[in-house]
Amino acid sequence: MGQAWADIRDKFHGKELRERQVKKITDRVFNHFTADTGKEYLGLEDLYIAVLLVFNDINKHLPGPHNDPPSREEVQEMMQTVDLNLDGQLDREEFTEFIKKLTTHIMMRISHNLLIAVVAAPLIALMTKRATEGVPRVGKVVQKIPNAVYASVITAAVVLIQKINESRE
Numbered sequence: 029m030g031q032a033w034a035d036i037r038d039k040f041h042g043k044e045l046r047e048r049q050v051k052k053i054t055d056r057v058f059n060h061f062t063a064d065t066g067k068e069y070l071g072l073e074d075l076y077i078a079v080l081l082v083f084n085d086i087n088k089h090l091p092g093p094h095n096d097p098p099s100r101e102e103v104q105e106m107m108q109t110v111d112l113n114l115d116g117q118l119d120r121e122e123f124t125e126f127i128k129k130l131t132t133h134i135m136m137r138i139s140h141n142l143l144i145a146v147v148a149a150p151l152i153a154l155m156t157k158r159a160t161e162g163v164p165r166v167g168k169v170v171q172k173i174p175n176a177v178y179a180s181v182i183t184a185a186v187v188l189i190q191k192i193n194e195s196r197e
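Just so you know, we're using the numbering used here here: the sequence shown kicks off at 29 and counts up by one.
This is the structure in C-alpha cells:
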C-alpha cells in the first residue's frame, strides 16, 4: 500500500513529467554543443552557456516567475560535485544529473503553485460559498452566482495573491 501511495503521489506531483521535461531539455542542449564538435562532454565554458540556455527554456515554457540562472562560480562549484570521474568535464549522464540538481527547487515551486491554483483554490471557493449562506444580504447575492463563475473569481484572486507574494521575494 505504501508503494502504491508513493506512485500516486509522484504522478500527482508530476515527478515523471518533470523528469521527462528535464531530460528533453538536457538532451537538446547537450546535442547543441556536441553536434558541431563531435565531442561527448562539456567543459566549464560550454556548461555555463548550457545552463543559461536551460534557464532560458525554463523561463519561456514553464509557468511562474522569472528564474535567475546561477553565477559562473556556482556552476563551477556544482560541477565539481557532479563530475564523477573528476576530469573537469561532464558527459551526457553527468550533465543530466547536474541540471536535475540545479532545477529541483524550481520544478517543486512550479508544481506547488499549480496544485494550489488548480485544486485548492476552487475547493476553497466552493466551501466559502456555502459558508456565506447564513450571512444576511451577502449570502443571497453569493448564492445567485453560478458555482463555476464564483470558483473562477476566487481562483483568479488566489493566483493574483500568489504572484504578488512571489514578486515581493
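Idealized CB from N, CA, C, for every residue including glycine.
Mind checking residue i: buried by the 16 CB within 10 Å criterion, or exposed?
i           : result
residue 149 : buried
residue 151 : exposed
residue 240 : One cannot answer for residue 240 here, as it falls past the ends of the chain, which runs 29 to 197.
residue 79  : buried
residue 122 : buried
residue 109 : exposed
residue 118 : buried
residue 124 : buried
residue 183 : buried
Which of the three DSSP states, helix, strand or coil, is assigned to residue i?
i           : result
residue 112 : coil
Can you give me the C-alpha to C-alpha distance between residue i and residue j, rounded to a whole angstrom?
i           : j           : result
residue 83  : residue 189 : 25 Å
residue 59  : residue 51  : 12 Å
residue 167 : residue 173 : 10 Å
residue 103 : residue 179 : 43 Å
residue 114 : residue 191 : 42 Å
residue 53  : residue 101 : 23 Å
residue 185 : residue 75  : 40 Å
residue 116 : residue 107 : 8 Å
residue 97  : residue 88  : 13 Å
residue 69  : residue 187 : 42 Å
residue 66  : residue 55  : 15 Å
residue 181 : residue 169 : 15 Å
residue 72  : residue 120 : 14 Å
residue 171 : residue 147 : 21 Å
Tell me the residue span of the alpha helix (DSSP H) that contains residue i.
i           : result
residue 163 : Note, residue 163: premise wrong, no alpha helix (DSSP H); not H, not E.
Is the segment 151-161 in contact with the segment 111-130, if contact means three or more CB pairs nearer than 8 Å?
Segments in contact, no.
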